[in-house]
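Heads up: the structure comes next, in structure tokens.
Residue numbers (the numbering used here): 419 to 1175.
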């Protein structure tokens, strides 16, 4: 026990606290312990916390131990808490006084969250404390010291403090620093409008290391929006805000929670470590009403998952309640009722708030709790200041959101039509998906009537739910799906869903209980895709055509994935219109917003495309294989480089070695570099002329790994001995194979097609 604490000399290491008062803890121990602490800190109980303790010494004998705690405010929270609640006000004073008292080793935390908490109180004595600090801090001066290292994590919160402070006080001392941070942040985003551990690499335009992450991106995004509210703006700042807004709305709105990085929406969760909540705040500040409403509801639904998160759940505790608060006082009160148990269990005897996995103040634990307690005061934009009233949820919406976890049980007795209605209309992407899965309990013939009815009406994206089980019984129904896919006047999301049906369902087809299928039927025989082969031309045509209303290429991505899932088009003689097919492949290879689409395009041609066809795709193959296009918004997990180099090597094109070397800057993780080295080793003696460049490239790459050694996730350095072995193997290689130049390969195809004499 900490020296001087109420438990000092009363509870010893190894003792077991098994109950409070006269009642042992039952199932939800932490909830019960929190309730005991909260009840003890009331005037009624005079701060006395009576614990049932089994002593480590003395054979685990039971003793009752009374610990004297401080009394804080009235006995209970109001139903409106954190709004208009004296108990909340008392806790606010306790936490704020602790931050300015000097009792903590790091009173504000590494991210300076304590300063935000003090500002959120709206009380002059605490605001003056922040003012005094900012006028002395190097990072807040007119020519701020920006610092190095993983700057994204720090700049976002520093600029957030500066912008909220200016908007609260009007103190122009911080405006030059706000401008500097805002310009640097706007300049540092990648092509998608998001950030990684650092600002983007100026050479590539990409987030360094393993790429972009949503967690540090959120405070950076909010601070840019608030900087503009401070009057700090420029074309670069406005474009950056719009780019980030378009990214999150275009990919995640109404589809799911944010994942770790620039990945697909998480339709099985609500709030990845507070990111749904912080996005709700950002969109509210930016004036996107529907986006703010949706992500605020996602945050509210995450009330039961606050103690989970990648590396640390600190950000969950910091942002989730604030995101719920964006939806109005009623929403905030409903969320607070579910989560207020955490305050008594996290508060320490000095009045600050602890975090189990970090020593001292860590990232700013007390400030995080103080911000959430201050949500009802709405003094800062992150605590609800100037939020558009249209974002506020009504009582029915609040109840539906907070009861969403119970609603799962209501799906169990539902019939087909009811489940389909839920899949169409429910606000939660998770519930919509679960309703669709519940259809698996019905037989094919029972689902078919409902599917046909929905297809006969104006179909939406969920019109195809359950249709994948009809490949055998009603294959003609897929002609209707193909017709919807081909129809440029159909809803985009519906066409995307149709592409998924045609290309993917045959592989994951639901097997009826009476059918006998083994793994070979799915993985070795590779026969289940055959019913979909007739739609190969439809998929090709859809990809080749331009879609003006699909800026993120969702249709090309779905149709391209479907096309690649149908197997080798050369072995199966599927290509009937070469120019159109290669037009589609080129479009897939040019996809900016999907590395999976580029990889799928390369996979279509990597193994079977003959040399005489190379001229159709030469430019795009080389470009995608290098992978250095600064316009790519998704650049992690891109397999097109390795497939492309393998294709060039298979066609004996000498530039394959150069292209592989050109791609090294995109290999920002050691495992990727190792795969590139393996490709180079395969060239043997043909790689000898490039050894000086290879050595220089690897030397720079190794330095890059050393620089990436700090942070939440560490890379494993390249094995230098293995690198030396690769170089030695190339040096010792003899008998280079005959290879042709890139232009020769193109000319061979042009001549064969009659386009060149």
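Backbone N, C-alpha and C fix where the C-beta goes; we use that ideal spot for every residue, glycine too.
Give me, in chain order, the residues of the same chain whose beta-carbon lies closer than 8 Å to that of residue i; leave out the 5 immediate sequence neighbours on both sides.
i: residue 537; result: 544, 545, 548, 579, 582, 583, 586, 797 and 798
i: residue 1109; result: 1145, 1148 and 1149
i: residue 898; result: 873
i: residue 1195; result: In the structure as shown, the chain begins at 419 and stops at 1175. Residue 1195 is therefore absent and cannot be evaluated.
Taking buried to mean at least 16 other C-beta atoms within 10 Å of its own C-beta, is residue i buried or exposed?
i: residue 480; result: exposed
i: residue 444; result: exposed
i: residue 858; result: exposed
i: residue 983; result: buried
i: residue 386; result: Given a span of 419 to 1175 for the chain in the structure shown, any question on residue 386 remains unanswerable.
i: residue 782; result: buried
i: residue 974; result: buried
i: residue 682; result: exposed
i: residue 809; result: buried
i: residue 690; result: buried
i: residue 430; result: exposed
i: residue 553; result: exposed
i: residue 1164; result: buried
i: residue 539; result: buried
i: residue 633; result: buried
i: residue 1031; result: buried
i: residue 705; result: exposed
i: residue 577; result: buried
i: residue 562; result: buried
Consult DSSP for residue i and reduce its assignment to one of helix, strand or coil.
i: residue 437; result: strand
i: residue 987; result: coil
i: residue 857; result: helix
i: residue 1125; result: No answer about residue 1125 holds up, because its pLDDT of 43 lies below 50 and its placement is not dependable.
i: residue 1158; result: strand
i: residue 1172; result: coil
i: residue 832; result: coil
i: residue 442; result: strand
i: residue 650; result: coil
i: residue 468; result: strand
i: residue 862; result: helix
i: residue 773; result: coil
i: residue 913; result: helix
i: residue 619; result: strand
i: residue 760; result: helix
i: residue 480; result: strand
i: residue 373; result: Here the chain comprises residues numbered 419 to 1175, so residue 373 is not present and cannot be evaluated.
i: residue 1091; result: helix
i: residue 765; result: strand
Only counting the same chain, and skipping five residues up and downstream in sequence, which positions put a Cβ closer than 7 Å to that of residue i?
i: residue 1147; result: 1099
i: residue 642; result: 600, 603, 604, 655, 658 and 659
i: residue 461; result: 489 and 493
i: residue 834; result: 857, 860, 864, 865 and 868
i: residue 623; result: 608, 609 and 1048
i: residue 458; result: 465, 466, 467 and 487
i: residue 558; result: 552, 580, 592 and 595
Apart from the five residues on each side of it in sequence, which residues of its chain come closer than 6 Å, Cβ to Cβ, to residue i?
i: residue 742; result: 717, 718, 749, 750 and 753
i: residue 856; result: 829 and 837
i: residue 915; result: 879 and 882
i: residue 1051; result: 609, 610, 1010 and 1011
i: residue 475; result: none
i: residue 851; result: 685
Just to check my reading of the structure: residue i and residue j have Cβ atoms closer than 8 Å, yes? What is that Cβ distance to the nearest angstrom?
i: residue 979; j: residue 950; result: Wrong, their Cβ atoms sit about 12 Å apart, outside the cutoff.
i: residue 892; j: residue 864; result: Not confirmed; about 13 Å, so no contact.
i: residue 409; j: residue 1045; result: No answer is possible for residue 409: the residues shown for the chain start at 419 and end at 1175.
i: residue 740; j: residue 676; result: At roughly 16 Å, the Cβ-Cβ gap does not stay under 8 Å, so residue 740 and residue 676 are not in contact.
i: residue 485; j: residue 525; result: So it is not a contact: roughly 25 Å between Cβ atoms.
i: residue 1002; j: residue 962; result: 4 Å
i: residue 921; j: residue 957; result: 7 Å
i: residue 1081; j: residue 1053; result: Actually they do not touch by this definition, with Cβ atoms about 11 Å apart.
i: residue 499; j: residue 763; result: That pair is no contact at about 17 Å.
i: residue 1016; j: residue 1067; result: So it is not a contact: roughly 18 Å between Cβ atoms.
i: residue 1185; j: residue 1000; result: In the structure displayed, the chain extends from 419 to 1175; residue 1185 sits before or after that span and is not available.
i: residue 516; j: residue 508; result: About 13 Å separates the two Cβ atoms, so there is no contact after all.
Determine, using beta carbons only, whether residue i comes closer than 8 Å to chain B.
i: residue 1164; result: Within the model displayed, chain B is absent; a lone protein chain is all it includes.
For this session: List in chain order: all unbroken alpha helix (DSSP H) runs of 4+ residues lying wholly within the region 1010-1084.
Result: 1013-1024, 1032-1044, 1058-1068 and 1074-1080
For this session: Go through the region 781-822 residue by residue and report every complete run of the alpha helix (DSSP H) that reaches 4 residues or more, in order.
Result: 783-791 and 813-820
For this session: Output the residue ranges of the alpha helix (DSSP H) runs that lie fully inside the region 482-550 and measure 4 residues or longer, sorted by chain position.
Result: 504-519 and 531-539
For this session: Quick one: which unbroken alpha helix (DSSP H) runs of 4-plus residues sit fully inside the region 665-731? Chain order, please.
Result: 693-704 and 707-719
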